[in-house]
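Q: This is the structure, below, for whatever I ask next.
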Amino acid sequence: MKRRQFLAVLGGGVVLAAVGASTAFLLTRRPDRALAPWTVAGMPDQEPRRRALSYAILAPNPHNRQPWLVDLGVKDQVTLYVDTTRLLPETDPHNRQITIGLGCFIEQMAIAASTQNYRLDVSLFPEGSDAQALDARPVAVIRFVRDPTIGVDPLFEQILRRRSLKEPFDLTKPVPGEVLGALGASVRHGALAGSSNDPAVVATLREMTHAALELEINTQRTYRESVDLLRIGKAEIEANPDGIDLGGPLFDGLAAIGQLSREQALDTTSTAFAQGRAALLANTDTAMAHVWLTTPGNSRAEQIAAGRDWVRINLTATALGAGLQPLSQTLQEFPEMGWYYRQAHKMLSPEGGTVQMLGRLGYAAPVEPSPRWPLDAKII
């Protein structure tokens, strides 16, 4: 969600009251506890697995659900599971996007482990998997193997700087072809990267992603899935540092005086809903380029590989000063999205295969990191 635009829509004169003298305390409402994992990652006294995991938990993932659980009961090993209470059954009915998020987690762990001369031997789905849904079986068994020949992955230094930039991009600043080339060159796990800054292609993808996002919003159950994951204000964010955070003094103020709630967000007859929808849709219209990942098939292993390569594209974009935001709606597999899903595949993967990820590129001012659960909350 675009925090600044959402605020502009709902704020107006109400904002002045929300941060008036009687509520001045709200100016200190930064959710520091929920942001702490970004500042404590890589503490020098951490055991190698925990140190690598402290960076892995900062990986991008759908709706910031942070769906990972890890077991450290075996020496030099991490057994990764999915938290089945953190799935997205409406917008991601086969858990494909969640699996991609787990791939991002694995790759960020591998990048961090390289700084201590460890390589990761990853065995995916050792007890098998179901193409229709993730379950309680392990996603991966990951062995930490000491290897003095391993060099530090140069993307490591970007982990703490990476953001999903959910803001309007600067329409006067194009994305150079060299940036697109570097993004494509960053993949290493088998996904095929495509990209374009051609105005005609960008215009078509702007229109398609705008329409697909509008469809997700206008489909009651898929929209409600997002609204249910809103975390409004410091107290909610720190109690549940996942989902879609609306934090900061002004959001706290609006919530405190009854001007911002999940119930209001669900009222599709309200002016606030109409304006909020328009604000959300505006992001797609400022894409200055697009990048996507495809795989030959759609197996769980390919979804993990796509996640590993997607986070590498994210970190490379960060290194080059570019902003990246995933636009997943056209690739979602709920029935109403079928036409857009087929159109996206026809355009981006005409020779077959599965488009696993699509994102917009551009330039905008930096934003705060997303809240995270602490590592201990994710260890079984």
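First residue of the sequence shown: 99, per this note's numbering; consecutive thereafter. Note that the Cβ used here is the ideal one computed from N, Cα and C, for glycine as well. The model shown is predicted, which means the values in this text are computed figures rather than measured ones.
Could you tell me whether the stretch 221-235 touches the stretch 137-149, where touching means 3 or more Cβ pairs closer than 8 Å?
A: no
Q: Checking the sheet assignment: what are the DSSP bridge partners for D54?
A: This structure cannot speak to residue 54, because the chain is shown only from 99 to 478.
Q: Whose C-alpha, out of W471, K476, I477 and A475, is nearest the C-alpha of A134?
A: W471
Q: Can you find the residues in the same chain that come closer than 6 Å, C-beta to C-beta, to Q214, ignoring five residues on each side of it along the sequence?
A: P146
Q: According to the neighbour-count rule (16 or more other Cβ atoms, all chains shown, within 10 Å of its Cβ), is G346 buried or exposed?
A: buried
Q: Could you tell me the distance, in whole angstroms, from the CA atom of P224 to the CA atom of P236?
A: Roughly 7 Å separates the two Cα atoms.
Q: Does DSSP put Q357 in a helix, in a strand, or in coil?
A: coil
Q: Under 8 Å by Cβ, that's how I've got L418 and V250 pegged, so tell me the actual separation to the nearest angstrom.
A: Incorrect: roughly 19 Å between the Cβ atoms, too far for contact.
Q: Could you tell me which residues DSSP pairs with R458 in its beta bridges?
A: H388 and Q423
Q: Can you give the Cα-Cα distance for A157 and Q362, rounded to whole angstroms?
A: 31 Å
Q: If we count the other Cβ atoms within 10 Å of its Cβ and call it buried at 16 or more, is K264 buried or exposed?
A: buried
Q: Considering just the uninterrupted stretch of the alpha helix (DSSP H) at V325, what are its terminal residues?
A: Q318 to D326
Q: Between which two residues does the beta strand (DSSP E) holding S293 run?
A: L290 to S294
Q: Taking the beta strand (DSSP E) that L178 belongs to, which residues open and close that run?
A: Q175 to V180
Q: Confirm, please, whether the CB-CB distance from Q164 to G340 is below 7 Å.
A: As written in the sequence, residue 340 is Asp, which differs from the Gly given in the question. Yes, the Cβ-Cβ distance between D340 and Q164 is below 7 Å.
Q: Excluding five sequence neighbours on each side, which residues of the same chain lie with their C-beta closer than 8 Å to the C-beta of E431?
A: Take E431, set aside five residues on each side of it, and the residues of its chain with a beta-carbon closer than 8 Å to its own are D190, P191, H192, R194 and Y439, in chain order.
Q: According to DSSP, what are the bridge partners of V138?
A: For V138, which the question treats as bridged, DSSP gives no partner whatsoever.
Q: In terms of alpha-carbon separation, which member of R398, Y153 and E336 lies closest to A238?
A: R398
Q: Going along the chain, which residues of its own chain have a beta-carbon closer than 7 Å to the beta-carbon of V465, five neighbours each way excluded?
A: R261, L263 and E265
Q: In angstroms, rounded to a whole number, what distance separates the CA positions of L258 and S293?
A: 25 Å
Q: Beta-carbon within less than 8 Å of A462's beta-carbon, same chain only, minus the 5 sequence neighbours each way: which residues are those?
A: Shown here for A462: same chain residues with a beta carbon closer than 8 Å to its own, the five before and five after excluded, namely L263, E265, P266, F267, D268 and G421 in chain order.
Q: To test your reading of the DSSP string, which unbroken beta strand (DSSP E) runs of 3 or more residues are found completely within the stretch 262-310?
A: Qualifying beta strand (DSSP E) stretches, in chain order: 290-294.
Q: Using a Cβ-Cβ cut-off of 8 Å (strictly less than) and excluding sequence neighbours within five positions of T307, which residues of its own chain qualify?
A: So the qualifying residues of the chain are T382, A385, L425, Q427, T428, L456 and R458.
Q: Pull up the distance between the alpha-carbon of H287 and that of K173, whole angstroms please.
A: 26 Å
Q: If you follow the alpha helix (DSSP H) that D407 is in, where does it begin and where does it stop?
A: R398 to A417
Q: Tell me whether G109 sits in a helix, a strand or coil according to DSSP, three-state version.
A: In this predicted model, G109 has a pLDDT of only 42, less than 50, meaning its place in the structure is not dependable; the value taken from the coordinates is given anyway. Correct three-state label for G109: coil.
Q: Please confirm whether A289 and T393 have their CB atoms less than 7 Å apart.
A: yes
Q: Identify, in the order they occur along the chain, each residue of the same chain with its Cβ nearer than 6 Å to the Cβ of T177, setting aside the five sequence neighbours on each side.
A: D169, P236 and V239
Q: Could you check what DSSP says for F104 in three-state terms: helix, strand or coil?
A: Low local confidence applies: a pLDDT of 45 at F104 is under 50, so the model's placement there is unreliable, and no value is given.
Q: If the criterion is Cβ atoms closer than 7 Å, does the pair W155 and L473 meet it?
A: Looking at the sequence provided, one finds Ile at residue 155 rather than Trp. The answer is yes: Cβ separation under 7 Å.
Q: Return the residue from the list M207, E205 and R184 that minimises the CA-CA distance to I196.
A: Residue R184 is the option with its Cα nearest to I196.
Q: Taking buried to mean at least 16 other C-beta atoms within 10 Å of its own C-beta, is S152 buried or exposed?
A: Around the CB of S152, 16 or more other CB atoms lie within 10 Å, so the residue is classed as buried.
Q: Which same chain residues, not among the five before or five after Q441, have their C-beta less than 7 Å away from its C-beta?
A: M306
Q: Output the boundary residues of the beta strand (DSSP E) element that contains W166.
A: For W166, the uninterrupted beta strand (DSSP E) segment begins and ends at W166 to D169.
Q: I411 and S221 - do their beta-carbons sit closer together than 7 Å?
A: Taking 7 Å as the cut-off, the beta carbon of S221 is found no closer than this to the beta carbon of I411.
Q: What residues match up with T452 in a beta bridge as DSSP calls it?
A: Beta-bridge pairing links T452 to T393.
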